[in-house]
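**Student:** I have a structure here, written as structure tokens, and I will follow up with some questions on it.
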Amino acid sequence: MAAANASSATADVHGLVMDLAAGIVKKYLPKSGELRKWTISEIERSLLDDMGQFARSIVEARLEADPQRVVEKPRCPDCGRALGGVGSEVQTHRHTLFGTIRYRRTYGVCRPCRAAFSPSGQRVVFRQGLL
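Rendered as structure tokens:
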């Protein structure tokens, strides 16, 4: 049942992304009517914005559609010990080539190394005495 729900959700997201793509194409190459009068520079700027939005939508949809995308073994990147205080599903924003995307990921803390780490992110070293 869960697989069917995931498949249905993926199909729904796929449809939304395809509708977004169709809207972008229609903006620049409508099937009928007059073409908008704009310069090459205007087309480039507008298309760059639209493609950034489209790329962000695909990245976010892909991450949302497959939350188990990578089997992460939360270990400290420095010493290899298992991370303590492992939490999951923290809302995160990350700046990419396509702009800021939102996604969720796990995190943990290595007390001996005084480092916080997300297996899909970067570690953060804490000052002595904070942990």
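Numbering (the numbering used here), first residue to last: 1020 to 1150.
We put the beta carbon where it would ideally sit given N, CA and C, even for glycine.
Which of the three DSSP states, helix, strand or coil, is assigned to Thr-1058?
**Tutor:** Coil at Thr-1058, not helix or strand.
**Student:** According to DSSP, simplified to helix, strand and coil, what is Arg-1081?
**Tutor:** Reduced to three states, the DSSP call for Arg-1081 is helix.
**Student:** Leaving aside the five residues before and after Ile-1077 along the sequence, list all residues of the same chain whose C-beta is less than 8 Å from its C-beta, in chain order.
**Tutor:** Excluding sequence neighbours, Ile-1077 sits near Val-1036.
**Student:** Using the DSSP secondary-structure output, state which residues sit across from Cys-1129 in a beta bridge.
**Tutor:** Paired residue(s): Ala-1134.
**Student:** Within 10 angstroms of its Cβ, does Ala-1028 collect 16 or more other Cβ (buried), or is it exposed?
**Tutor:** Burial call: exposed.
**Student:** Return yes when the C-beta of Thr-1119 is under 6 Å from any heavy atom of the ligand MG, and no when it is not.
**Tutor:** Inclusion of the ligand MG in the displayed structure is not the case, the ligand content being empty and no account of it being possible.
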